[in-house]
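Chemist: If you scroll down you'll find the structure; I have some questions about it.
Residue numbers (our numbering), protein chains in the order written: chain A, 2 to 371; chain B, 2 to 371.
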């Protein structure tokens with residue numbers, strides 16, 4: 002067994018690599034949009050004054066950096082991919098807040114609440130376009146140097162190299178990474194559309210719930226976990242294994258999130274007890290509980306059909322989700338998906354240290370208090 | 002002089018090539034989003050019933066097809082680029098209607114007015130991601146055939162070829178086309194952000210106005226005019242000439258649009274006389290008129306500072322824009338930009354017939370009734 006650094010150290014190392022590049026990318030936005038993006042990222046307050054924060058935990062950037070190292074490339078090779086994934090993730094948060102009319106995120110007003118719907122839509126759009134530019138541009142460094150360009154274009158040549166201190170990669174790697182980002186973005190949007198459609202139906206089945214979560218959460222984690230390897234010029238087999246690891250990890254993460262949304266400790270989650278039930282969210286434990294036949298599931302369905310629930314009714318609904326097996330089912334789902342993610346890493350060809358660190362990150366993500 | 006087909010014939014030919022591919026692309030959207038996109042495109046009504054319409058004039062698809070032919074490639078080579086450009090254009094219309102709170106477009110309710118802001122935001126997002134997929138996917142056909150893939154990846158090899166009846170292009174062409182789309186999308190969004198910022202200032206200068214129009218209109222026409230050549234594997238010099246043609250054409254088009262926005266025939270434009278002045282739009286003729294010193298410009302500025310204008314005041318403002326030289330200035334701008342567009346075509350390396358047809362399309366676009 003390879004001794005790994007602790008997960009917080011891995012996350013810290015990736016943040017040190019990725020945050021400066023992410024901040025450089027955001028500085029390229031037009032002067033009208035940059036302050037909104039910097040506010041959303043948590044780097045600045047509403048007046049544009051720096052907050053000193055460097056953003057969240059950084060799971061996605063860590064996955065992108067580790068996925069480059071997983072195929073023997075330096076972690077820096079994964080950085081444009083990490084930046085693109087973070088830009089797409091934040092685009093989706095900004096637009097989701099508009100769609101859901103949420104006024105707060107991480108205890109601060111959302112972008113649309115502060116700057117208006119129009120500007121929130123536009124700055125989200127700008128982040129998606131920027132994400133594509135970030136993965137497609139590095140190879141342009143070669144345009145200045147025909148020799149290096151020929152090298153980069155050659156299918157058999159090294160996928161990455163260093164010109165004038167800038168790590169760049171070949172045309173093929175850039176195109177594959179852009180494809181990876183576009184596909185994940187499309188899947189994420191389809192997942193969001195499905196989630197919106199769920200609002201107008203009373204019952205969602207487990208398969209529908211998983212399909213929605215695969216799109217909304219799995220696709221981008223799959224992309225994050227593969228894009229470093231893509232930029233490192235890995236073959237399709239290793240890329241597919243890493244993407245499967247990320248997708249399974251995303252589904253495990255989402256199952257845990259669904260559990261915390263009902264039974265999470267309010268002191269930790271910052272949300273009231275049984276939060277998702279209050280909001281009538283159609284999550285995995287609820288879908289699994291409703292799939293049971295019997296009086297418990299029937300009582301749950303009729304409770305959830307009420308527009309407004311009293312405190313005692315919410316507590317009763319939470320009890321019913323559990324007694325109908327919804328809590329156990331989601332817990333099993335999380336465990337099964339974590340096992341699948343770890344199994345995907347064993348498909349061979351992954352550097353031992355990165356393998357161990359990816360496994361640690363997966364356990365860390367899934368084994369949050371639940 | 003090469004005898005060219007009439008412009009309507011050129012537009013028709015491009016539409017015949019592009020519309021089926023565009024419809025196929027839109028059919029890939031998730032079932033929740035596809036009806037919204039098909040409604041917006043004019044192909045279906047609000048209930049999803051086909052209208053029999055194939056959309057607008059199709060200037061952008063024609064430019065993309067002609068730009069492939071301009072470098073000796075078949076027009077079909079430009080089709081994925083034409084589809085991507087149309088998807089980006091329609092994304093921007095859907096989001097602009099949300100931002101501007103416009104309830105009608107082409108005499109029909111806008112997407113957000115019919116389906117809500119949230120769904121309009123999401124379907125716009127889906128079109129951008131789809132645009133990137135459309136230009137990045139064709140080379141994947143090679144993945145099934147290693148020999149063809151090696152050929153496509155080779156920098157010196159033919160840029161396009163035909164595998165199993167599908168015209169595909171090399172990795173390099175796909176990456177360059179994706180870059181072309183991402184850059185144009187980013188510039189268009191920056192132009193939209195600038196336009197929104199203009200709403201909160203009383204006066205915009207000519208340079209600001211042109212910068213906004215270069216982003217909002219020029220960038221995507223530049224992309225449309227170059228992307229066929231990019232997919233056809235043209236060298237950077239020809240691509241740059243075609244992109245310059247499209248950018249200049251976009252600025253000429255916008256100058257004409259600004260003229261029609263004030264002096265267009267209401268019977269033709271479908272808008273009331275002096276429409277842009279009613280809405281206090283900061284367009285080129287107004288910016289040019291305000292740049293004059295003298296009592297006329299001062300009177301115009303004080304009129305435009307009024308929140309509500311009576312009919313006689315609007316007529317007076319239109320008169321002042323003209324007497325201060327704003328109408329002439331915008332007319333000169335349109336002529337100058339058209340001349341620049343035509344000059345860009347002369348930079349060499351463009352196939353004679355496509356050269357003549359591109360010139361005809363430019364004259365057709367600019368010489369609308371003004």
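Virtual Cβ for every residue (Gly too), placed ideally from N, Cα, C.
Along the segment 85-118 of chain B, where does the CB come closer than 7 Å to a CB of chain A? Name the residues.
Modeler: Listed by position along the chain: 96, 99, 100, 118.
Chemist: Would you verify that the beta carbon of residue 190 (chain A) is, or is not, closer than 9 Å to some beta carbon of chain B?
Modeler: Judged by the 9 Å Cβ criterion, residue 190 (chain A) is in contact with chain B.
Chemist: First and last residue of the alpha helix (DSSP H) that includes residue 108 (chain B)?
Modeler: Looking at the DSSP string, residue 108 (chain B) is not in any alpha helix (DSSP H), and its letter there is neither H nor E.
Chemist: Could you name the residues of the same chain whose beta carbon sits closer than 6 Å to that of residue 89 (chain B), not counting the 5 residues immediately before and after it, in chain order?
Modeler: Closer than 6 Å at Cβ, skipping near neighbours: 132, 186.
Chemist: Can you find a CB in chain B that lies within less than 9 Å of the CB of residue 30 (chain A)?
Modeler: So yes, residue 30 (chain A) belongs to the interface.
Chemist: Measure from the alpha carbon of residue 54 (chain A) to the alpha carbon of each residue in A:39, A:60, A:65, then state which is nearest.
Modeler: Per the Cα distances, A:39.
Chemist: Below 7 Å CB to CB, which residues in the same chain sit around residue 365 (chain A) once its five sequence neighbours on both sides are set aside?
Modeler: These residues qualify, in order along the chain: 8.
Chemist: Going along the chain, which residues of its own chain have a beta-carbon closer than 6 Å to the beta-carbon of residue 205 (chain B), five neighbours each way excluded?
Modeler: 199, 283, 288, listed in sequence order.
Chemist: Considering only the beta carbon of each residue, do residue 60 (chain A) and residue 362 (chain A) sit closer than 9 Å?
Modeler: Yes, they are a contact pair.
Chemist: Can you tell which of A:77, A:176, A:26, A:57 has its C-alpha closest to the C-alpha of residue 135 (chain B)?
Modeler: Checking every option, the nearest Cα to that of residue 135 (chain B) belongs to A:176.
Chemist: Run the proximity test for residue 305 (chain A): is its beta-carbon closer than 8 Å to any non-hydrogen atom belonging to the ligand ZN?
Modeler: The model depicted lacks the ligand ZN and carries no ligand whatsoever.
Chemist: So, under 8 Å CB-CB, residue 250 (chain A) and residue 214 (chain A) are touching, yes? Tell me the CB distance rounded to an integer number of Å.
Modeler: No, residue 250 (chain A) and residue 214 (chain A) are not in contact; Cβ-Cβ is about 12 Å, not under 8 Å.
Chemist: Please state whether the Cβ-Cβ distance between residue 12 (chain A) and residue 226 (chain A) is less than 9 Å.
Modeler: Their beta carbons are not under 9 Å apart, which means residue 12 (chain A) does not touch residue 226 (chain A) by this criterion.
Chemist: Within 10 angstroms of its Cβ, does residue 255 (chain A) collect 16 or more other Cβ (buried), or is it exposed?
Modeler: Buried, since its Cβ has 16 or more Cβ neighbours within 10 Å.
Chemist: Check for me: the alpha helix (DSSP H) holding residue 119 (chain A) runs from which residue to which?
Modeler: First-last of the alpha helix (DSSP H) with residue 119 (chain A): 118-137.
Chemist: Can a CB atom of chain B be found closer than 9 Å to the CB of residue 186 (chain A)?
Modeler: Yes, contact with chain B.
Chemist: If we call anything under 9 Å between Cβ atoms a contact, is residue 127 (chain A) one with residue 111 (chain A)?
Modeler: Going by C-beta atoms, residue 127 (chain A) is not nearer than 9 Å to residue 111 (chain A).
Chemist: Does DSSP classify residue 50 (chain A) as helix, strand or coil?
Modeler: In the structure shown, residue 50 (chain A) sits in coil (DSSP, three-state: anything other than H, G, I, E or B).
Chemist: Take residue 31 (chain A) and list the residues in its own chain whose beta-carbon comes closer than 8 Å to its own, dropping the five residues that flank it on each side.
Modeler: Excluding residues within five positions, the ones whose Cβ falls inside 8 Å are 127.
Chemist: For residue 241 (chain B), collect the residues of the same chain with a Cβ closer than 6 Å to its Cβ; drop the 5 residues on either side in sequence, then sort them by chain order.
Modeler: Hits under 6 Å: none found.
Chemist: Tell me whether residue 210 (chain B) sits in a helix, a strand or coil according to DSSP, three-state version.
Modeler: Here residue 210 (chain B) sits in helix by DSSP.
Chemist: Flag residue 126 (chain B) as yes if its beta-carbon sits less than 9 Å from any beta-carbon of chain A, otherwise no.
Modeler: Output row for residue 126 (chain B): interface = yes.
Chemist: Examine the Cβ distances between the segment 67-81 of chain A and the segment 220-235 of chain A and report whether three or more of them are shorter than 8 Å.
Modeler: Flag = yes, the segment 67-81 of chain A and the segment 220-235 of chain A touch.
Chemist: Give me the residue from A:57, A:35, A:58 with the minimum Cα distance to residue 49 (chain A).
Modeler: With distances taken between Cα atoms, residue 49 (chain A) lies closest to A:35.
Chemist: Hey, does residue 148 (chain A) have any beta-carbon neighbour from chain B nearer than 9 Å?
Modeler: Low confidence applies to residue 148 (chain A): its pLDDT is 37, below 50, so where it sits in the model is not reliable enough to give any reading.
Chemist: Could you give the distance in angstroms between the alpha-carbon of residue 28 (chain A) and the alpha-carbon of residue 189 (chain A)?
Modeler: Taking the straight line joining both Cα atoms gives about 25 Å.
Chemist: Assess contact between the segment 337-357 of chain B and the segment 301-316 of chain B, defined as three or more Cβ pairs (one per stretch) separated by less than 8 Å. Is contact present?
Modeler: No contact exists between the segment 337-357 of chain B and the segment 301-316 of chain B.
Chemist: Please classify residue 203 (chain A) as buried or exposed, where buried requires at least 16 neighbouring CB atoms within 10 angstroms.
Modeler: Counting Cβ neighbours within 10 Å, residue 203 (chain A) comes out exposed, since fewer than 16 surround it.
Chemist: How long is the line joining the alpha carbons of residue 305 (chain B) and residue 314 (chain B), rounded to whole angstroms?
Modeler: Each residue's alpha carbon lies about 9 Å from the other.
Chemist: Whose Cβ in chain A lies nearer than 7 Å to the Cβ of residue 193 (chain B)?
Modeler: Correct list: 123.
Chemist: Quick one: residues in its chain with C-beta nearer than 7 Å to the C-beta of residue 165 (chain B), no 5 flanking neighbours on either side, listed in chain order?
Modeler: Its pLDDT being 38, under 50, residue 165 (chain B) is placed unreliably by the model, and the measurement read from it follows with that caveat. Contacts found: none.
Chemist: Roughly how many whole angstroms lie between the Cα atoms of residue 62 (chain B) and residue 236 (chain B)?
Modeler: C-alpha separation (whole angstroms): 21 Å.
Chemist: What are the partner residues of residue 45 (chain B), as DSSP defines its beta bridges?
Modeler: Paired residue(s): B:51.
Chemist: In angstroms with no decimal places, state the Cα-to-Cα distance between residue 87 (chain A) and residue 207 (chain A).
Modeler: So the two alpha carbons sit approximately 29 Å from each other.
Chemist: Please list, in chain order, the chain A residues whose beta carbon lies closer than 9 Å to that of residue 137 (chain B).
Modeler: By Cβ distance, chain A contributes 176, 177, 179, 180, 183, 184.
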